[in-house]
Every structure is written in C-alpha cells, then in structure tokens.
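J.: Numbering (the working numbering), first residue to last: 315 to 596.
Okay, here's the structure, questions in a sec.
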Amino acid sequence: MEELELYNQKTFEDLKNINEYGVEFWYARDLMTALGYVKWGNFVNVINKAKSSAETSNINIFEHFADVGRVLKVGNGAKMEVTDIMLSRYACYLIVQNGDPRKKMIALGQQYFAIQTRKQELSEEKAPKDLTEEEKRLLLRGHVKGFNKKLASAAKECGVDNYGKFNNAGYMGLYGGETAQAIKVRKKLKKNDNILDFMGSTELAANFFRITQTEERLKKGDITTQSAADLTHFEIGKKVRATMKEISGTVPEKLPTPEKSIKEIEKEKKKLDNKSKKAIKK
C-alpha cells in the first residue's frame with residue numbers, strides 16, 4: 315500500500331511541467347521511462363490506444379495530446395532533437411489504462427486510478443462539471459491569443475516582415491487554400507470581426523495546434539527568410555488538416571460557425587459575474 319501511496323507523487327507530480335499560462339502538462343518521453351517502457355515505438359503504440367479511447371468517448375484529442383519537438387541531453391553533454399508529446403493529466407490516465415499490466419508501474423497506476431475513481435464516487439461533493447462548448451471556446455481562444463503573440467515573435471526572429479502573408483500561409487495550409495479573408499467571407503462576418511472569435515472549440519483546437527507547432531519549428535533557428543517561414547507555416551497547417559481528415563473525416567472549413575462570437579460570450583459572462591457579485595453583497 316505504501317508503494318501505491320507514493321505512486322502519484324513519483325510518477326506524476328515529480329514529472330509535471332507548468333506552462334506560462336499555469337496549465338499543467340507532462341512529456342510523453344518522461345512518462346515512458348517512469349512507466350517502465352524502454353522503446354519509444356512501443357510506448358507510442360500505447361499512446362495511440364489511449365487516443366482511440368478518447369475518440370470513442372467523443373473527447374477532442376487535440377486538447378490532451380500535442381506533438382512537439384524537443385531537445386534532450388544525451389551522453390557527453392551532447393544534445394539531440396526528438397519528437398515528443400505534451401500530455402494532459404487525463405491523457406496520462408488513458409495511457410496508464412491502456413498500458414501493459416505486467417509492468418509494475420502500469421499495474422500500480424491502474425490500481426491508483428481505480429481507487430481515485432472510487433473515492434470520487436463516494437465523495438459527497440459534486441464532481442466538477444464538464445466544460446460546456448462556450449467554456450471550451452473561451453479557454454481555447456485565450457490559449458490561441460497567447461501563443462499567437464509567441465508565434466509573431468518567433469516569426470520576426472526568422473526574418474518575417476510581412477506577418478499578414480505569413481499568417482495567411484498557415485490558414486491556407488489548414489483550410490485547403492483559403493486565406494483569412496476568404497474564411498471571413500465564407501463565415502459571412504463583418505469587416506472588423508476576428509475569424510478566431512467565430513470558431514467552435516474543435517476549429518480553435520486545430521488552429522491552436524497549428525500555431526504551437528509552427529512556433530516550435532521556427533524556434534529551431536534554421537529558418538531565416540520570409541519565404542521559408544511562409545512555407546513552413548503552410549506545411550504545418552496542411553499536416554494538421556490531414557490529421558483532422560484522418561481522425562474525424564471533417565476538414566475545418568466544413569465545421570459549423572457558432573452563432574455567438576467570443577466577445578458576446580465574454581460580455582454575457584461578465585454580466586452574470588456582476589449579477590452574482592451583487593447578489594453576494596445583498
């Protein structure tokens with residue numbers, strides 16, 4: 315039982331990372347070692363099973379599994395660039411559930427999560443509700459806004475002086491040739507509307523993935539011209555599009571445009587918050 319009590323701390327909390335927005339995440343390669351896997355290829359098979367489990371439950375995998383590039387230190391202080399995956403806590407749970415129970419750390423993990431689930435069932439406290447579509451949109455829009463600033467900074471470092479052209483390259487890759495203006499026209503938006511404010515959570519998640527992956531790629535330092543940066547953004551957008559098509563069969567331009575914009579949702583939320591504050595004061 316003592317082993318089980320130490321499981322959460324040793325396997326998860328010690329490996330946890332926190333990004334600049336306070337969001338926790340784990341690197342798959344770190345988790346792989348902790349769970350007793352040696353070969354990356356074998357662990358990727360477990361991750362793919364975990365993704366399938368998420369899809370079966372209608373969970374958006376882009377919110378829990380994000381492919382990234384990463385530089386690791388190897389022998390003699392040398393560095394090696396590898397592919398990795400940023401995982402949410404839920405993704406870690408799914409990986410443990412789909413791992414090889416013959417491995418001690420996987421078996422302990424399955425026991426740990428079974429006990430945690432039972433504790434939650436027995437708790438008198440109401441479990442936190444799932445995020446609504448509007449809440450997901452607000453959360454993702456905030457992430458997109460933050461990382462767009464990082465992308466702009468990385469692009470500038472790579473020699474991009476026409477950011478509009480660079481930005482359009484990413485949209486064209488993701489949306490099958492559509493520019494930002496073409497997307498705006500298709501969505502029937504007004505001149506000053508921001509297309510990102512009129513995207514559902516799935517579409518925002520796809521764009522978030524495009525933005526984060528492009529920023530990671532540009533940070534490697536081997537892209538030094540506008541044309542090379544544009545092409546990189548286009549190709550990454552194209553890969554995200556292909557992934558969406560493979561997983562769900564739906565490309566971004568076929569996703570529905572929400573009736574409410576992000577600004578409208580924020581306005582309604584602010585109104586409700588103010589009403590709640592007034593009620594508390596009474």
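Note that CB positions come from ideal geometry on N, CA and C, so glycine has one too.
1) Checking the sheet assignment: what are the DSSP bridge partners for ASN331?
2) What runs of the alpha helix (DSSP H), each 4 residues or longer, lie entirely inside the region 449-530?
3) Nearest to LYS418 by alpha carbon, out of ASP475, ALA348, ALA368 and ARG343?
4) Run the CB neighbour count on PRO566, radius 10 Å, all protein chains shown included, and call it buried at 16 or more, exposed below.
5) Report yes if the C-beta distance between LYS525 and ASN476 is below 8 Å; otherwise report no.
6) Which residues bound the alpha helix (DSSP H) around LYS552?
7) Measuring only the C-alpha atoms, how far is ILE375 from ALA496?
8) For GLU395, name the three-state secondary structure that DSSP assigns.
9) Rank ASP344, ARG384 and GLU338 by C-alpha distance to the C-alpha of SER402 and give the top, closest one.
10) Quick one, which of PRO572, GLY490, THR538 and ASN333 has its alpha-carbon nearest MET400's?
11) Pick from PHE522, GLU529, VAL410 and THR538: whose alpha carbon is nearest that of LEU465?
12) Touch check for the region 480-487 and the region 546-561: three-plus C-beta pairs under 8 Å?
13) Can you tell me whether DSSP reads VAL565 as helix, strand or coil?
14) Anyone know if the C-beta pair for ILE576 and ASP507 falls short of 8 Å?
15) If we ignore side chains and look at the alpha-carbon of each, how far apart do LEU545 and GLN424 end up?
16) Can you have a look at LEU518 and say buried or exposed, based on whether 16 or more other CB atoms are within 10 angstroms of its CB?
T.: In short:
1) Translated into positions along the sequence shown, residue 331 becomes position 17. Answer by DSSP bridge pairing, in chain order: PHE339.
2) 477-488 and 494-500
3) Translated into the one-based positions of the sequence shown, residue 418 becomes position 104. Nearest C-alpha to LYS418: ALA348.
4) Here residue 566 refers to the residue found at position 252 of the sequence shown. Buried, because 16 or more other Cβ atoms sit within 10 Å of the Cβ of PRO566.
5) Position 211 of the sequence shown, counted from the first residue, corresponds to residue 525. Position 162 of the sequence shown, counted from the first residue, corresponds to residue 476. The sequence given here has Ile at residue 525, not Lys. Their beta carbons are not under 8 Å apart, which means ILE525 does not touch ASN476 by this criterion.
6) Translated into positions along the sequence shown, residue 552 becomes position 238. Looking at the DSSP string, the run of the alpha helix (DSSP H) that includes LYS552 is 540-561.
7) As a first step, residue 375 must be located in the sequence shown, where it is residue number 61. As a first step, residue 496 must be located in the sequence shown, where it is residue number 182. Taking the straight line from one Cα to the other gives about 28 Å.
8) On the sequence shown, residue 395 is found 81 positions in, with the first residue counted as 1. Reduced to three states, the DSSP call for GLU395 is strand.
9) Within the sequence shown, residue 402 is the residue found at index 88, counting from 1. The shortest C-alpha separation from SER402 is found at GLU338.
10) Position 86 of the sequence shown, counted from the first residue, corresponds to residue 400. Per the Cα distances, ASN333.
11) Within the sequence shown, residue 465 is the residue found at index 151, counting from 1. With distances taken between Cα atoms, LEU465 lies closest to GLU529.
12) yes
13) Within the sequence shown, numbered from 1, the residue matching residue 565 stands at position 251. In the structure shown, VAL565 sits in coil (DSSP, three-state: anything other than H, G, I, E or B).
14) Taking the first residue of the sequence shown as position 1, residue 576 is located at position 262. Taking the first residue of the sequence shown as position 1, residue 507 is located at position 193. Result no, Cβ atoms of ILE576 and ASP507 do not sit closer than 8 Å.
15) Taking the first residue of the sequence shown as 1, we reach residue 545 at position 231. Taking the first residue of the sequence shown as 1, we reach residue 424 at position 110. Taking the straight line joining both Cα atoms gives about 44 Å.
16) Within the sequence shown, numbered from 1, the residue matching residue 518 stands at position 204. When all chains shown are included, LEU518 counts as buried.
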